[in-house]
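With this note's numbering, letter number 25 in the sequence shown gets 25, and the count goes up by one each step, no holes. To start, the structure itself, in structure tokens.
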Amino acid sequence: MPTSCSPRTKIAWKEYAELLKKYKHENFVKELEHVVESFDDRDIRYLELGFTEFKKWKKKILEEIRKI
Numbered sequence: 001m002p003t004s005c006s007p008r009t010k011i012a013w014k015e016y017a018e019l020l021k022k023y024k025h026e027n028f029v030k031e032l033e034h035v036v037e038s039f040d041d042r043d044i045r046y047l048e049l050g051f052t053e054f055k056k057w058k059k060k061i062l063e064e065i066r067k068i
């Protein structure tokens with residue numbers, strides 16, 4: 001089941017992981033984790049999220065990425 005990435009986006013993490021494995025790009029997981037970790041408070045406007053919602057979103061997405 002896809003996980004919500006933002007109020008308007010869903011990510012099918014299982015399918016994403018399968019594609020990475022299929023095409024031998026498992027190293028992309030660490031890159032994605034780095035990108036999300038580097039998001040800071042200035043990105044709130046871009047993501048159209050409130051401060052608390054942004055922090056919850058970031059935490060949840062990082063948890064999902066680390067499960068891959």
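A virtual CB, placed ideally from N, CA and C, is assigned to each residue, including glycine.
Other residues of its chain near residue i: CB distance less than 8 angstroms, five sequence neighbours each side excluded
i     : result
Phe51 : Asp41 and Ile44
Under the three-state DSSP convention, the category residue i falls into
i     : result
Ile11 : strand
Asp41 : helix
His25 : coil
Glu33 : helix
Glu48 : coil
Ile68 : coil
Inter-residue CB distance, residue i and residue j (contact presumed, cutoff 8 angstroms)
i     : j     : result
Val36 : Lys58 : 6 angstroms
Ile11 : Leu32 : Incorrect: roughly 10 angstroms between the Cβ atoms, too far for contact.
Other residues of its chain near residue i: CB distance less than 6 angstroms, five sequence neighbours each side excluded
i     : result
Ile68 : Ala17 and Val29
Own chain, CB closer than 7 angstroms to residue i, minus 5 neighbours either side, in chain order
i     : result
Glu48 : none
Glu26 : Leu20
Residue i versus residue j: straight-line alpha-carbon distance, rounded
i     : j     : result
Lys21 : Phe39 : 26 angstroms
Thr9  : Ile61 : 12 angstroms
Lys14 : His34 : 19 angstroms
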